[in-house]
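Visitor:
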DNA sequence: TGGACGGATTTAGACGATTCAATCGGGGCT
DNA sequence: AGCCCCGATTGAATCGTCTAAATCCGTCCA
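Protein chains in written order, with full-length UniProt numbering: chain A, 1 to 339; chain B, 1 to 339.
#1: Residues of chain A with CB closer than 7 Å to the CB of residue 222(B), please, in chain order.
#2: Just how far apart, CA to CA, sit residue 260(B) and residue 232(B)?
#3: Chain A beta carbons: is any one of them nearer than 8 Å to that of residue 26(B)?
#4: For residue 70(B), which three-state DSSP category applies?
#5: Below 8 Å on C-beta distance, what does residue 57(B) contact in chain A?
#6: Identify whether residue 77(A) lies in helix, strand or coil by the three-state DSSP scheme.
#7: Which residues in the same chain as residue 36(A) place their Cβ atom closer than 8 Å to its Cβ, once the five residues preceding and following it in sequence are excluded?
#8: So is residue 140(B) in contact with chain A if we call contact Cβ pairs under 8 Å?
#9: Distance cutoff 8 Å, beta carbons only. Does residue 97(B) sit that close to anything in chain A?
#10: Using the Cβ count rule (16 or more neighbours within 10 Å means buried), how would you classify residue 45(B)?
#11: In terms of residue numbering, what span does the alpha helix (DSSP H) encompassing residue 23(B) cover?
#12: Measuring straight from C-alpha to C-alpha, what distance separates residue 229(A) and residue 171(B)?
#13: Are residue 32(B) and residue 21(B) touching if we call contact CB-CB under 8 Å?
#14: Report the three-state DSSP secondary structure of residue 246(A) (helix, strand or coil).
#15: For residue 224(A), collect the residues of the same chain with a Cβ closer than 6 Å to its Cβ; drop the 5 residues on either side in sequence, then sort them by chain order.
#16: In the DSSP assignment, what are the bridge partners of residue 274(B)?
#17: Counting only Cβ pairs nearer than 9 Å, list the residues of chain B close to residue 118(A).
#18: Answer yes if the region 130-141 of chain A comes into contact with the region 165-183 of chain A, meaning at least three C-beta pairs across the two stretches below 8 Å, and no otherwise.
#19: Taking 8 Å as the CB-CB limit, is residue 94(A) close to chain B?
#20: Return helix, strand or coil for residue 1(B), following the three-state DSSP convention.
#21: Here's the rule: buried if 16 or more other CB atoms are within 10 angstroms of the residue's CB, otherwise exposed. What is residue 51(A)?
#22: In chain B, which residues lie less than 7 Å from residue 342(A) when you measure between Cβ atoms?
#23: What span of residues does the alpha helix (DSSP H) with residue 324(B) cover, start to end?
#24: Assuming residue 241(A) and residue 182(A) are in contact, meaning their beta carbons sit under 8 Å apart, how far apart are those beta carbons, in whole angstroms?
#25: Report buried or exposed for residue 26(A), applying the criterion of at least 16 other Cβ atoms within 10 angstroms of its Cβ.
#26: Taking Cβ-Cβ distances below 7 Å as the criterion, which residues of the region 156-178 of chain A are in contact with chain B?
#27: With a cut-off of 8 Å, do at least 3 Cβ pairs link the region 320-327 of chain A to the region 274-291 of chain A?
#28: Does residue 3(A) pass the burial test, meaning 16 or more other C-beta atoms within 10 Å, or should it be called exposed?
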């Protein structure tokens with residue numbers, strides 16, 4: 001039951017000082033080849049594994065980045081995490097994935113833990129970007145990059161133009177001849193959702209005789225989408241919308257299921273446009289039109305901004321990067337309704 | 001640009017020694033109320049945050065548990081993580097969620113990182129439970145609990161009787177009158193998949209005139225399920241299976257989509273039984289029959305075993321906990337075929 | 001031959017929190 | 001008044017690694 005050996009035991013076994021072992025680990029070039037071999041052998045023999053906590057303590061900062069997302073089960077966020085991780089990997093840092101589940105309490109808990117761990121930085125899709133807790137974290141010196149949300153104050157952020165996304169979806173549906181359109185998303189207090197709503201509202205307002213019905217949900221998941229779908233399907237055909245724009249693809253997939261259950265055909269009876277363009281969207285029973293966000297790129301860029309800030313904190317200038325969304329038209333909305 | 005204050009500055013500001021501050025943090029009861037207040041005030045004033053790395057170094061072990069899963073996008077695993085996390089939360093420990101994506105290289109990388117961080121322990125659904133890397137980790141003293149997989153050697157594990165699950169699904173389909181049944185899953189080298197297959201094979205072998213077709217996939221996701229579904233749907237009705245048992249619900253959902261695309265009705269033309277009973281299963285266009293695994297309980301139990309082992313490493317005896325699965329029958333298989 | 005040079009290695013603190021033995025101080029008891 | 005006791009507090013050592021400065025030891029050149 002020997003404890004994990006430390007650098008000290010490696011040094012003793014190899015007949016060198018701890019400094020040399022440390023040099024071997026960090027700057028092998030300055031260690032003589034013969035010594036190098038002896039140290040390597042001792043490391044192998046003892047099964048030495050670096051103690052990250054000690055390195056971290058000494059270095060003053062850890063090699064871990066916290067990534068706090070709203071929903072790990074949403075492929076959009078896992079793609080995003082993928083992107084962040086791929087960059088981190090090259091940089092020999094670790095991403096700690098935290099799931100806030102759109103719950104401010106959980107979010108806070110995670111932020112606490114991450115701060116105690118003195119993470120290099122935090123990438124976060126915050127529930128509320130004006131959260132004082134988040135502000136305090138920044139205040140105390142942890143670099144924070146907002147993800148999928150535009151920073152207003154002095155922070156870096158990486159986001160997608162959600163209003164444009166909303167406009168793209170709206171214009172498309174209007175062009176297809178729809179005059180009663182539903183918007184589903186929530187909570188409306190979330191900036192992303194509000195922006196997408198505002199986007200479609202704007203184009204609807206600019207078109208004659210087009211009406212927009214908004215439905216708010218607490219959580220944007222499949223189950224909620226299906227429930228709303230069934231409710232809308234139950235409306236009399238006269239007043240029922242003929243198209244729906246859902247604020248994410250999970251909602252849209254659920255909505256699609258709701259249509260199937262209610263016996264409405266997609267896209268003939270109901271056109272559907274989702275958001276995010278996750279893989280499921282393409283693979284759905286009726287392939288889903290969706291506003292694509294470059295999820296992986298978002299993750300990569302956020303990590304890039306963070307690395308930039310960490311490397312040169314002094315003269316770092318916060319930047320807000322904004323990407324453009326694309327509308328991907330598939331079968332679920334591809335039906336030209338006659339006026 | 002002040003650095004984060006340490007316990008030392010808190011002590012100075014409060015006019016006490018560092019020992020007292022530490023006592024305040026760890027054993028507040030033995031600190032005099034007046035002192036307590038002064039320390040608390042200083043902490044608030046300075047915005048002190050504990051340094052986890054230092055605690056960890058001193059304590060010799062961290063308050064983090066690594067959880068390595070095969071696929072974070074699979075709700076089964078996120079439920080499982082949920083369960084593990086809920087217990088960890090009570091115990092003031094942190095769960096580090098790692099996604100191996102069914103890739104041994106990624107898995108290894110995560111194990112390396114976790115070991116360097118000297119995590120309290122690792123909960124893992126390994127790609128291959130005989131991985132020497134995993135053995136080495138255990139050898140060097142990190143407690144490991146296998147999840148959703150039964151340990152053979154000296155390890156704790158928490159799993160579900162997958163053979164029973166396979167038998168349940170098989171019996172059900174046979175009772176419904178099906179004589180040509182497909183099994184889809186993969187890779188077959190994974191124990192869980194192999195067991196489920198073996199379970200259904202056993203009951204099929206015990207029934208007269210029933211035939212089982214097995215299809216192997218690399219990854220058990222929606223996309224793969226749909227592809228297999230379309231392939232099977234394309235078979236001539238004469239030889240096409242009338243029922244399918246899928247080794248997880250993602251496959252089953254994809255398979256269901258494949259049926260819809262091909263114009264086959266579920267359950268009339270094709271009965272479907274999935275595995276895991278994730279939320280999507282109930283919410284699917286045709287509600288999915290599924291073999292339910294108590295995912296959250298699995299996570300909780302695994303964490304429990306780990307905590308047990310950590311608390312009393314000396315006289316800990318490894319245990320293999322096995323739960324029973326339940327078959328949940330829903331519409332996708334609820335059709336009594338005449339012989 | 002002596003000194004300077006330079007590469008390889010060692011030495012000696014940190015880093016921040018914890019812990020335990022040592023000390024302090026005040027109150028109560030004889 | 002003297003002493004003891006006990007709760008509260010302090011001080012110092014420790015965890016494992018890193019780094020800057022110091023040392024060592026050949027070698028080369030003047």
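C-beta: ideal position from N, C-alpha, C; glycine also.
Guide: To lay it out plainly:
#1: Under the 7 Å cutoff, chain A gives 280 and 283.
#2: A straight line joining the alpha-carbon of residue 260(B) with that of residue 232(B) spans about 12 Å.
#3: Taking 8 Å as the threshold, the shortest C-beta distance from residue 26(B) to chain A does not fall below it.
#4: Note: residue 70(B) maps to coil in three-state DSSP.
#5: 51, 53, 54 and 57, listed in chain order.
#6: In the structure shown, residue 77(A) sits in a helix (DSSP, three-state: H, G or I).
#7: Within the same chain, residue 36(A) has close Cβ partners 24 and 28.
#8: True, the Cβ-Cβ gap to chain A drops below 8 Å.
#9: Under the Cβ distance rule, residue 97(B) counts among the residues neighbouring chain A, one pair being separated by less than 8 Å.
#10: It counts as exposed.
#11: According to the DSSP assignment, residue 23(B) belongs to the alpha helix (DSSP H) that extends over 18-26.
#12: Computed Cα separation, rounded: 35 Å.
#13: No, the pair does not count as a contact, with Cβ atoms beyond the cut-off.
#14: The answer is strand: DSSP assigns residue 246(A) an E or B state.
#15: Around residue 224(A), the same chain offers 217 as residues with beta carbons nearer than 6 Å, after the five sequence neighbours per side are excluded.
#16: For residue 274(B), which the question treats as bridged, DSSP gives the partners 290(B).
#17: The answer, in chain order, is 4, 49, 51, 52 and 53.
#18: By the C-beta criterion, the region 165-183 of chain A is judged not to be in contact with the region 130-141 of chain A, since fewer than 3 inter-stretch pairs fall below 8 Å.
#19: So yes, residue 94(A) belongs to the interface.
#20: Because the pLDDT of residue 1(B) is 46, which lies under 50, any placement of that residue in the model is unreliable, and the question is left without a value.
#21: Burial call: buried.
#22: Any question about residue 342(A) goes unanswered here, given that chain A covers just 1 to 339.
#23: Here residue 324(B) belongs to no alpha helix (DSSP H), and DSSP marks it neither H nor E.
#24: Right, their Cβ atoms sit about 4 Å apart.
#25: With fewer than 16 Cβ atoms within 10 Å of its Cβ, residue 26(A) is classed as exposed.
#26: Flagged: no residues at all.
#27: Enough Cβ pairs lie closer than 8 Å, so yes.
#28: The residue is exposed, with fewer than 16 neighbouring Cβ atoms inside 10 Å.
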